[in-house]
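Trainee:
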Amino acid sequence: MYSYAAVSPLDGYQYLAGFVRATTVSKGTGIFVVNGVLNRATYKKLIEEARAAQLQVDRVVVYGEIATYTGAGISFTKFDELPGLDRG
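For the record, in the sequence shown the residue sitting at position 55 is 55 according to the UniProt record's numbering, with numbers rising by one throughout.
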């Protein structure tokens, strides 16, 4: 498990796992976990959750299996690329 003082965990969301806290010049950035495919429909749900949590919606950080929907504001990392992750 990774821990960092500027990252806060969140409960009550399907995809939003945490966020990097806001600074004086920007809203926080959402950190999302998608157990499956990040497609356009899932991306829309991520944005809904970001808005509900009052996070920025022009940039999201996503961890998942595969992404079929990408864009300039999406930072996607495959689970397989995470160091030390035991997929069992």
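Using N, Cα and C, we set each Cβ at its ideal position, and we do this for glycine too. What you are looking at is a predicted structure, and each value in this text was computed from that prediction instead of being measured.
1. Going straight from the alpha carbon of T42 to that of A22, what length do you get?
2. Given a cut-off of 7 Å, decide if G28 and V34 are closer than it, judged by their beta-carbon atoms.
3. So what's A22 in DSSP terms, helix, strand or just coil?
4. Can you list, in chain order, the residues of its chain whose CB lies under 6 Å from that of Y13, leaving out five sequence neighbours each side?
5. Cβ of L16 within 7 Å of Cβ of G36?
Mentor: If we stick to the structure as given:
1. 24 Å
2. no
3. coil
4. E49
5. no
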